[in-house]
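Beneath this line is the structure, given in structure tokens, with notes to follow.
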Amino acid sequence: MHQQTLQAIAVELDSLLRGRFLGKLFQFSATSLAIDFGLKNAGYVFISIDPSAPRIYLIKRNSRELEKMSIPPSPFTQALRANFGGGQLLSVAKDEDERIMQLAFSVTDEIGESHARTFVVQLTGRSANLFLLDSASLITHAFRAPRGEGQLIRDIYRPPHRQTKTVSEEPEIKQGNFATVSAAADEHYRQLEAEQYFFSLAANLEAKLRKEISRRRKLKMNLQKDLVAHGRPDEHKRLGDLLLANISNAEREGNSVRLKDYYAEGSPIIEIEIDENASLQEAASESFSRYGKAKRAIEEIGSRLVQTDKEVIQLEGKLARLEEAIERRNLEALAEFAEPKKTAPSRGGKPSGKQAGAAALPGMRRYRSSDGYEVVVGRSARDNDQLTFKVARPNDLWLHAGDYPGSHVIVRNSKRDEVPHQTIIEAAQLAAKFSQASKDSRVTVHYTRRKFISKPKGAAPGLVRMSSFKSITVEPGETMERL
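Count the sequence shown with the numbering used here and you get residues 15 to 497, in order.
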């Protein structure tokens, strides 16, 4: 606070509080509290030692509002109540040329003797603090951990060394049209806090949106790479057709086969390589199988690319609206973007006690898929056992990298719905990432319902048996939101 503002408030507090007794205390945070001196019209002395805005002034609130804002008292607040409670305030004075206010008290002990006590309000930026002094000006308690000579417990209190920030940099708060300087200060800091809240909220929302856009763009880039990696499916079909058409006239030597290319002009002889242990029919069948897989993959990737493009456009539109709301300083408009997080899975119903306890289990990574399903990943072998056999329910989806040691992955599915394919892909990417195959470009992941997983008798932690499963091949990755 500006020195002149602090001086005006000291005069105001001294005239209003002199002779009154310290009553109820309300602590709001690790840096702020309020004191009841029995003023009419619900007036309380508010003190904050937040280094960014240390301050003291009277506020007008009702006690119920203050109680709702209160937290359990700190040791300092307890000491203030124990040593100053019921004490009479003798004076309020500001130290000359310092942003320090001293409240002098007379406190009566159990046998009726009076003792001088001082409550020091030190509003000095990073060194802001509150101190309780005995009759010899020795420090008995400090709100924050004290530092420096004259600031330590049992030291004779002395102001801290001057900081580089000058008093002229502090905004002076004038009474203006307000009834008191305290009322002006209260309004000033209310507006300041509202502005800080607005820009903090806006920054968080903007960062979150930009992160989502970045994730979608990265996903699009990876999908485009996958599309290129699958090549041209028709080439596999063409090769299969040529193998079948040349069964009677193909010339074969080891894994090399010479055959006529009926698709090319003039039907030239071409040479291809196949498995030397496979017949031409088997090689053709393998080519048709690759054609089918590549075609399905390209269709799926194409569909996901279209969806990803739509999501990027939607998110960029949302970001533009957010930037407009920030520019207009419209707090109400930010409500559109500040939606509470789901505790889902969104269609999974209310979790049982067993499932709800998973969040508290150590060693578990938790995610939320793009479809709203919670996904839990073990770390160690014992974590895997705990996750699979203690946390997971029969209809949860279980995933693990095929033929490699790695984490067990569980997709929570308490309503027994079919888990969406996109969630399966995202969970499989986690299973691949948290396995010894994490450096591979493509990893096969097995998945099945938890009820098809059993543990062989005497098996080591993490070792299981699958009675039925499907497989999917994915690129290792961590694309889901971390919880």
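Using N, Cα and C, we set each Cβ at its ideal position, and we do this for glycine too. This one's a predicted model, so the numbers in the text were calculated from it and none came from an experiment.
Counterpart residues of residue i in DSSP-defined beta bridges
| i | result |
| --- | --- |
| Glu265 | Arg272 |
| Gln41 | Leu47 |
| Phe145 | Val134, Ala156 |
| Arg496 | Tyr381 |
| Ser317 | None; Ser317 has no bridge partner. |
| Ile23 | Its beta-bridge partners do not exist; DSSP assigns none. |
| Gln295 | For Gln295, which the question treats as bridged, DSSP gives no partner whatsoever. |
| Ser29 | According to DSSP, Ser29 bridges with nothing at all. |
| Met480 | Ile467 |
| Lys108 | Met115 |
| His129 | Val121 |
| Thr462 | Trp412 |
| Phe60 | Ala48, Tyr71 |
| Thr322 | Beta-bridge pairing links Thr322 to no other residue. |
| Glu287 | Ser270 |
| Ser228 | According to DSSP, Ser228 bridges with nothing at all. |
| Gly420 | Ser449 |
| Glu388 | Arg382 |
| Ser485 | His460 |
Under 8 angstroms between C-beta atoms of residue i and residue j
| i | j | result |
| --- | --- | --- |
| Ala93 | His175 | no |
| Thr462 | Ser449 | no |
| Val425 | Ala441 | yes |
| Val459 | Ala415 | yes |
| Arg230 | Val326 | yes |
| Asp64 | Ser46 | yes |
| Ala199 | Thr19 | yes |
| Asn143 | Phe133 | no |
| Val505 | Tyr387 | The structure shown does not extend to residue 505, since the chain spans only 15 to 497, so no value can be given for it. |
| Phe119 | Leu137 | no |
| Tyr381 | Leu241 | no |
| Phe508 | Gly101 | The structure shown does not extend to residue 508, since the chain spans only 15 to 497, so no value can be given for it. |
| Pro475 | Arg393 | no |
| Ser151 | Ile170 | yes |
| Phe98 | Val135 | no |
| Ile167 | Ile187 | no |
| Lys74 | Asn55 | yes |
| Lys108 | Ala24 | yes |
Neighbourhood of residue i by C-beta, 7 angstroms cutoff - its chain only, sequence neighbours within 5 removed
| i | result |
| --- | --- |
| Ala22 | Val195 |
| Ala446 | Ala415, Ser452, Val457, Val459, Val488, Pro490 |
| Ala259 | Tyr276 |
| Asp123 | His129 |
| Glu281 | The question names Glu, but residue 281 is Ser in the sequence shown. Only Lys274, Asp275 meet the Cβ criterion. |
Beta-carbon contacts of residue i that lie in its chain and below 8 angstroms, excluding the five residues immediately before and after
| i | result |
| --- | --- |
| Lys465 | Pro408, Asn409 |
| Ala264 | Leu257, Val271, Arg272, Leu273, Leu294 |
| Lys251 | Ser301, Phe302, Tyr305 |
| Val389 | Arg380, Tyr381, Arg382, Ser383, Val423, Ile424, Val425, Arg426, Thr437, Glu440, Ala441, Leu444, Met494 |
| Leu53 | Leu30, Leu31, Arg34, Leu72 |
| Glu220 | Leu333, Leu336, Glu337, Ile340 |
| Glu287 | Asn269, Ser270, Val271 |
Given residue i as reference, the closest of the options once Cα atoms are compared
| i | options | result |
| --- | --- | --- |
| Asn398 | Glu388, Tyr387, Asp385, Trp412 | Trp412 |
| Gln436 | Asp385, Glu489, Pro185, Ser303 | Asp385 |
| Lys324 | Arg158, Leu233, Gly254 | Leu233 |
| Glu313 | Gln238, Leu336, Ile261, Asn263 | Gln238 |
| Ile283 | Asn236, Phe40, Lys274 | Lys274 |
| Asp203 | Asp255, Gln41, Ser262, Ile61 | Before going on, a small fix: residue 203 reads as Tyr here, not Asp. Ranking the options by Cα distance to Tyr203, first place goes to Ile61. |
| Met15 | Ser66, Glu209, Val25 | Ser66 |
| Lys222 | Val135, Leu333, Glu290 | Leu333 |
| Glu330 | Ser214, Ser228, Tyr58, Ile261 | Ser228 |
| Val405 | Phe98, Asp417, Ser428, Pro419 | Ser428 |
| Val106 | Gln116, Phe98, Asn97 | Gln116 |
| Asp248 | Arg310, Glu163, Glu26, Lys471 | Arg310 |
| Ile315 | Ser214, Ser421, Ala243 | Ala243 |
| Ala308 | Glu110, Ser262, Gly245 | Gly245 |
| Arg318 | Met235, Glu350, Arg95, Gln17 | Met235 |
| Gln210 | Leu345, Ser421, Ser128, Gly420 | Leu345 |
| Leu146 | Arg140, Arg131, Gly139 | Arg131 |
| Thr322 | Glu226, Ala278, Val391 | Glu226 |
CB-CB length for residue i against residue j, believed under 8 angstroms
| i | j | result |
| --- | --- | --- |
| Phe212 | Arg343 | 7 angstroms |
| Ile114 | Pro185 | Actually they do not touch by this definition, with Cβ atoms about 19 angstroms apart. |
| Glu290 | Gly268 | 5 angstroms |
| Thr402 | Ile467 | 6 angstroms |
| Leu80 | Leu215 | About 24 angstroms separates the two Cβ atoms, so there is no contact after all. |
| Gly254 | Ala292 | With a Cβ gap of about 12 angstroms, Gly254 and Ala292 do not count as contacting. |
Own chain residues within Cβ distance below 6 angstroms of residue i, not counting five before or after
| i | result |
| --- | --- |
| Ser366 | Its pLDDT being 44, under 50, Ser366 is placed unreliably in this model, and the coordinates cannot settle the point. |
| Met83 | Phe42 |
| Ile261 | Leu294 |
| Val181 | Note that Val181 scores 43 on pLDDT, short of 50, meaning its location in the model is unreliable and no value can be drawn from it. |
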